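Residue numbers (my numbering): 559 to 1541. Everything below concerns the one structure shown next.
Okay, structure coming up:
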């Protein structure tokens, strides 16, 4: 009788000469139905008879290995992106991949399916997870994410060190109601802005998995967005493994209410292309029961389950699970915190520092006395996805190492206070080995003195002066034993209420409970007061005012560095968007105090943050510097740049707005209509995309294109490129590291075109040196999405290529004239056209046509009517209209068809259709009014998914004119899928 407990060594799945796809297919055929269903959960059991280990999806490696103990911590992704250096990001990814493999060597349950990088473009600076992304520009995001993922993946032709997972598909840039908001991604926004950040790493074969996002897109949950997932799968020759986000499968029913039944929902997710369910933590029971019942009810075919399992198995085969002796990426468990990783962490921290302004204050002059003040004078903070660093180096420590103790003064600006309980009359202190907070202390004891720091949104942290440890209310009884603010819900922050008599009450922010003093011998503090009336009152005695310490440190200094910023767990993070875009008033007060205390000094504002700030117009700084939270080597990296040991190379990968009102609505994803990002912004930023200063003085002398015309309009651009030679010179006395950038504009384009980054290259210039820098502009980057034919097209006309140091500083220009066939008029007669493919959308929202496929248009919430406009349509022969409609509810529901024919513009439009140069709408004659030519009533009755076809004659018709615009006005509960004009 054959042994069924050990693998057959002759089985095809064990043959490494076969492709991963062949091996996975063979394996699937050997699994039982129950074994396959079990593998659909994030925690899959071992199948020992086939040599398969237990498998867990996902290890977090956003900027280092997270949550698995000590590991090298690199700068946040938004800081890595400021390097604009794919080679550096690839080296960082390589180091992180090595350390993840070391964790796997120590514990084989550590997954080699890693959940990084985040490729959501940074569309809006108020997004709480801004720190996790790379850039507002989708192509720069793709370039940098590809590099980081390549490092994680490794460069072996067969085996992968890890399998990176791109997060989060799709349209995910808000934490506010993130599981129920619907991101509106009309076709141009989807194709031109959203998708490139995902398809770039996939086409490069740098990533092998994708995580679906919590939100909906165009009315459909991302976990059911099969059409969108198919677009990603088309971008890669490899199997693409799609995982759900944590708990998201249940949201489809419980929060989004898209299905009433979890069994139906799980079947639909599998059909859409979800391959693994991250749900209910380690409890696979709900997932396996739901999938099993879906099979029994005929809601999903076993072939769909086979497909999902095969994708997972291909991933595991690629990481060497079945061929351990051939795996080239095996490392020992101690390959953590290697010397080369420390050096790389320092290099990355320095390379991401951006000098935003500099009036000669930097680099710090030799022999200068430097005062470094503010909450980031010495702090090195972690974010939610940080690992546990082997050490940290703060700015003050690094400056003292470099300049000597006598040349560095430090004050963090915190008030050192004593809190005296009204109930006991004694001071609050940290008692014993457990650091329990009790109100029986002596105010002269350092254990009864606390450093209070005000952060964003009125949140305070309190450190015990004697230990440096933080107060926390995480365990009901208050302790002072935390080393950092952290956790899914931060437990180390408090809100302050000041009573009329000046006493304080403290509310534990994590629980919402007020601190109370128990009636025990010591007066133990507990976080259980339900209302302010139950809260203890504390008399506050100031031992040392933070402002006084700042003044003392700054007095007589040559250079004052005021280090401000955010704690990544407060005021903006996963689950919480930013409540404000400005620096907290308390921090700005520290800046003012420091400036007033040292009028003769040079004043440097250093912002350490996860995102851009709107800075005061009257800042009056001699220099402004930004860095992300730079990981364990933050202090060294900053010091290297501030003192000039390293030339500043950082450039912003995300613009900083000048005013709060310039950023627009966080929930408006139509970057074109909302004027979001550098592509479409109408307001000038304070610091533009690509901005950053060197210590040299770079002048842009000339630009020479290899071609000034390109005769292939009407195509997508393919692999064609235009080369530019840019001449730059360093007129300064120090070496300059310049990032030469090229942006494309098309002022006469028929569509809103945007201001697009299309090329960049770095050059090092010695003092007095002149260099020619060659940049290659892919013609495909000039393309727009043609909604009438579902394809990318480079339209004819003149494109202006601006060259310079940022999106706002482009002293050189080169014109490229594109000739060829233009986009023809929209074919509306005899063609059913999707309403979602309109050129303009007003007071409508995109919604799901069916639960699984298609997009329709409905009146926006809290609006009575809305419209879509289809421009330059061929109306010849139209006599009637046919539409596919449904209802969103009872009451009035109709679609009004309007036509606008501009007789004066017809010759121009005909010339355009015949191949003339594209003109802008602004060049056309005054528009004629709209004429209503048909009304289509949506039949009463029926539900949201009951689509009907309605028809009506056009009255009056379009008067035999060949071209015109069509506006479809939706009234009330009308929902429109397609429209067609008929003869």
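Virtual Cβ for every residue (Gly too), placed ideally from N, Cα, C. Computed from a predicted model, the values in this text were never measured in an experiment.
- Here residue 617 is near residue 720, since their CB atoms are less than 9 Å apart.
- Rounded to the nearest angstrom, the gap between the Cα atoms of residue 981 and residue 1096 is 9 Å.
- Rounded to whole angstroms, the separation of the alpha carbons of residue 1298 and residue 1377 is 28 Å.
- Residue 677 is positioned such that its CB atom lies closer than 9 Å to that of residue 724.
- By the C-beta density criterion, residue 778 is buried, having at least 16 other C-beta atoms within 10 angstroms.
- Collapsing the DSSP output to three states places residue 672 in a strand.
- In the displayed model, residue 1264 falls within coil according to three-state DSSP, outside both helix and strand.
- In the three-state scheme derived from DSSP, where H, G and I count as helix and E and B as strand, residue 1454 is classed as strand.
- Here the alpha carbons of residue 774 and residue 815 stand approximately 12 Å from one another.
- Under the DSSP assignment, residue 1343 falls outside any alpha helix (DSSP H), being part of the beta strand (DSSP E) whose first and last residues are 1342-1344.
- Contact between residue 1236 and residue 1265 is ruled out by a C-beta separation of about 26 Å, above the 8 Å threshold.
- The closest CA to that of residue 762, considering only 702, 735 and 806, is found on 702.
- The closest CA to that of residue 1166, considering only 799, 1309, 689 and 1411, is found on 689.
- Straight-line spacing of the CA atoms in residue 964 and residue 1081 works out to 44 Å.
- Following the DSSP letters along the chain, one finds residue 1489 inside the beta strand (DSSP E) bounded by residues 1489-1495.
- Excluding residues up to 5 positions away in sequence, 1172 lie with their Cβ nearer than 6 Å to the Cβ of residue 1140 in the same chain.
- Counting C-beta atoms within 10 angstroms of its own C-beta, residue 966 has 16 or more neighbours from the protein chains shown and is therefore classed as buried.
- The residues 1384, in chain order, have a CB closer than 6 Å to that of residue 1346 in the same chain once the five nearest residues on each side in sequence are set aside.
- Per the C-alpha coordinates, the member of 607, 579, 600 and 580 positioned closest to residue 590 is 607.
- Counted as a single uninterrupted DSSP element, the alpha helix (DSSP H) harbouring residue 697 occupies residues 696-711.
- In terms of Cβ geometry, residue 1211 and residue 695 form a close pair [threshold 9 Å].
- For the 9 Å CB-CB criterion, residue 1307 and residue 1355 form a contact.
- The straight-line gap separating the alpha-carbon atoms of residue 818 and residue 811 is approximately 6 Å.
- Its chain contains 1289 and 1290 as the residues whose beta carbon lies nearer than 6 Å to that of residue 1255, once the 5 sequence neighbours on both sides are disregarded; these appear in chain order.
- The three-state reading of DSSP puts residue 655 in helix, counting H, G and I together.
- In the DSSP assignment, residue 832 forms no beta bridge with any residue.
- Residue 595 carries a helical assignment under DSSP once its states are collapsed to helix, strand and coil.
- Listed in chain order, the non-local C-beta contacts of residue 1399 below 6 Å within the same chain comprise 1426, local neighbours out to five positions each way being set aside.
- Excluding the 5 residues flanking it on each side, residue 705 has same chain C-beta neighbours closer than 6 Å at 644, 647 and 648, in chain order.
- Taking 9 Å as the cut-off, the beta carbon of residue 686 is found no closer than this to the beta carbon of residue 1049.
- One Cα belongs to residue 629, the other to residue 1185, and the distance between them is close to 21 Å.
- At the C-beta level, residue 1098 and residue 975 come within 9 Å of one another.
- Scanning the segment 584-652 for uninterrupted alpha helix (DSSP H) segments of 4 residues or longer gives 591-596 and 635-639, listed from N- to C-terminal end.
- When DSSP states are grouped into helix, strand and coil, residue 1133 belongs to the coil group.
- For the pair of segments examined, the segment 1360-1375 was found not to touch the segment 1401-1419: the number of CB pairs separated by less than 8 Å stays below three.
- Taking every protein chain shown into account, the CB of residue 1252 has 16 or more other CB atoms within 10 angstroms, so this residue is buried.
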